[in-house]
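Asker: Just passing along the structure, written as structure tokens.
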Amino acid sequence: MKFVAWCALVVALAGCATSRGVVSGRVAAPPEVEQLLVDHPLTGGQMPVLLYRPEGPGPFPLVVFSHGRAVNQKERAALTAPVQLGHVRFWLRRGFAVAAPIRPGYGVEGAYDWENSGARWSGPSCSGTPDYARVAQTAAQSVHAVLEWARTRSDLDASRVVLEGVSVGGLTTVQACADNPPGVVGCINFSGGAGGKPDTSPGKSCGPEVLTALFAALGARPQPPSVWLYAQNDQFWGPDAPGEWFAAFQAGGAPATFTLTPPVSTEGHYLLSRGGQYWAPVLDNFLHVLRPALRSGPVPPLHPAPP
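As structure tokens, this is what we get:
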């Protein structure tokens, strides 16, 4: 698969540093990133992918990270950083490379909304039946494009891949995981869903029962183990829908665990960026569970480390 190197380094983005990214009074330097273009079957063009690698020659196990979705087109078109650098460091410390695509419909390719569910909002009410299956399947094509590209890289081990995503990217990850692609050994869903509009309908998304049916269907398919993480005060989905989605998913036989964390700041949908004290131990335990599947090469360190 063709790819073109853009540049070797990006500057740190404002707001990305955490207290764990400060050394001797200075903000830690951002991890080195390789910006690439990867062929995408949906558009027939190429998709930006940011690749972060630990030090050394590899081959490294890989995390493929799927970003979320801003409510309005202007914000989607402005996307340049699909994964926060603090979270990249979490994985680099554990010996994983991170590939974070910017899906079609976002960033420089943000003119057309490929992931439009068809839901329409009027104040606190939505109309129509959203097609979340279409959203998930469309977005998952980006994950599969990255997996295909990773198989061409000598510094990446495409037989040891973890899929991870947040918000609509979490839904994307659940879909891609249920596709059961070769080399994927585990999947992580942070606050996954679709149809939330917390500014006008806090705690109640559009057609959550549609997602329940979708997750039930996806959970009935053979797939690697997964972990789902949500916060109690998620204003996109509310406190109850995520548990109902997971119950439907697990009822199909999918090997998965669910963690509902205490409230995180004023908006639990930002669990990934603000709740590291809750999710870091969960992910470290998940890596321990995945350890046998990660033994095909040098095993990443699984000792506790700061998020």
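Reading the sequence shown from the start, the letters are residues 1261 to 1567 in the numbering used here.
All C-beta atoms in this analysis are idealised placements derived from N, C-alpha and C, irrespective of residue type, glycine included.
Owing to the predicted nature of the structure, the values given are computational and were not obtained by experimental measurement.
Between the stretch 1325-1336 and the stretch 1425-1433, do at least 3 Cβ pairs fall closer than 8 Å?
Answerer: Taking 8 Å as the limit for Cβ pairs, the verdict is that the stretch 1425-1433 does touch the stretch 1325-1336.
Asker: Express the C-alpha separation of L1550 and V1421 in angstroms, rounding to a whole number.
Answerer: By 1-based counting over the sequence shown, the position of residue 1421 is 161. By 1-based counting over the sequence shown, the position of residue 1550 is 290. Roughly 11 Å separates the two Cα atoms.
Asker: Between W1497 and P1317, what straight-line distance do the alpha-carbon atoms span, to the nearest angstrom?
Answerer: As a working mapping, residue 1497 is identified with position 237 in the sequence shown. As a working mapping, residue 1317 is identified with position 57 in the sequence shown. Looking at the two C-alpha atoms, the distance is approximately 42 Å.
Asker: CA-CA distance, T1389 and R1555?
Answerer: Within the sequence shown, the letter at position 129 stands for residue 1389. Within the sequence shown, the letter at position 295 stands for residue 1555. Computed Cα separation, rounded: 45 Å.
Asker: With burial defined as no fewer than 16 other Cβ atoms inside 10 Å of the residue's Cβ, what is the status of G1467: buried or exposed?
Answerer: On the sequence shown, residue 1467 is found 207 positions in, with the first residue counted as 1. Buried is the call here.
Asker: What does DSSP give as the partner residues of A1359 in its beta bridges?
Answerer: Stepping through the sequence shown from its first residue, residue 1359 is reached at position 99. According to DSSP, A1359 bridges with L1311, V1324.
Asker: Who does E1294 pair with in a DSSP beta bridge?
Answerer: Locating residue 1294 in the sequence shown gives position 34, where the first residue counts as 1. L1311.
Asker: Helix, strand or coil for L1302 per DSSP?
Answerer: Translated into the one-based positions of the sequence shown, residue 1302 becomes position 42. It is coil, neither helix nor strand.
Asker: Do the CB positions of V1406 and V1298 come within less than 8 Å of each other?
Answerer: Position 146 of the sequence shown holds residue 1406. Position 38 of the sequence shown holds residue 1298. Yes, Cβ-Cβ distance for V1406 and V1298 is below 8 Å.
Asker: Among G1383, E1527, P1502, which has the Cα closest to the Cα of G1460?
Answerer: Stepping through the sequence shown from its first residue, residue 1460 is reached at position 200. First, the residue type needs correcting, since residue 1460 is Thr and not Gly in the sequence shown. If we check each option's Cα against that of T1460, G1383 comes out closest.
Asker: Taking all protein chains shown into account, decide if S1387 is buried (16 or more other Cβ within 10 angstroms of its Cβ) or exposed.
Answerer: Reading the sequence shown from its first residue, position 127 is the one you call residue 1387. Its Cβ having fewer than 16 others within 10 Å, S1387 is exposed.
Asker: For R1380, which residues does DSSP report across the bridge?
Answerer: Locating residue 1380 in the sequence shown gives position 120, counting from the first residue. Per DSSP, S1387.
Asker: Alpha carbons only, please: which of V1434, R1353, Y1366 is nearest the one belonging to D1510?
Answerer: In the sequence shown, counting from the first residue as 1, residue 1510 sits at position 250. The question names Asp, but residue 1510 is Gln in the sequence shown. Per the Cα distances, V1434.
Asker: Report the option in E1315, Q1295, P1314, R1313 whose CA atom is closest to the CA atom of M1307.
Answerer: Translated into the one-based positions of the sequence shown, residue 1307 becomes position 47. Nearest C-alpha to M1307: Q1295.
Asker: CB F1350 to CB D1417, shorter than 8 Å?
Answerer: Here the question's residue 1350 lines up with position 90 in the sequence shown. Here the question's residue 1417 lines up with position 157 in the sequence shown. No, they are not a contact pair.
Asker: Return yes when the Cβ of L1339 is within less than 8 Å of the Cβ of G1367, no when it is not.
Answerer: The sequence position of residue 1367 within the sequence shown is 107, counting from 1. The sequence position of residue 1339 within the sequence shown is 79, counting from 1. Result yes, Cβ atoms of G1367 and L1339 sit closer than 8 Å.
Asker: Is the separation between the beta-carbon of L1531 and that of F1450 shorter than 8 Å?
Answerer: Here the question's residue 1531 lines up with position 271 in the sequence shown. Here the question's residue 1450 lines up with position 190 in the sequence shown. Yes; because the gap between Cβ atoms is below 8 Å, this pair is in contact.
Asker: Helix, strand or coil for R1555? Go by DSSP, reduced to three states.
Answerer: Here the question's residue 1555 lines up with position 295 in the sequence shown. R1555 falls in the coil class under three-state DSSP.
Asker: Which of the three DSSP states is assigned to L1550 in this structure?
Answerer: Locating residue 1550 in the sequence shown gives position 290, where the first residue counts as 1. In the structure shown, L1550 sits in a helix (DSSP, three-state: H, G or I).
Asker: Rounded to whole angstroms, what is the Cα-Cα separation between P1580 and A1400?
Answerer: What the structure shows of the chain is the stretch from 1261 to 1567, and residue 1580 is not part of that stretch, so it cannot be assessed.
Asker: Enumerate, from N- to C-terminal direction, the unbroken alpha helix (DSSP H) stretches of 4 or more residues contained entirely within the stretch 1384-1448.
Answerer: Listed in chain order, they are 1392-1410, 1428-1438.
Asker: Exposed or buried, S1377, counting other C-beta atoms within 10 Å across all chains shown (16 or more means buried)?
Answerer: One-based indexing of the sequence shown puts residue 1377 at position 117. So S1377 counts as buried.
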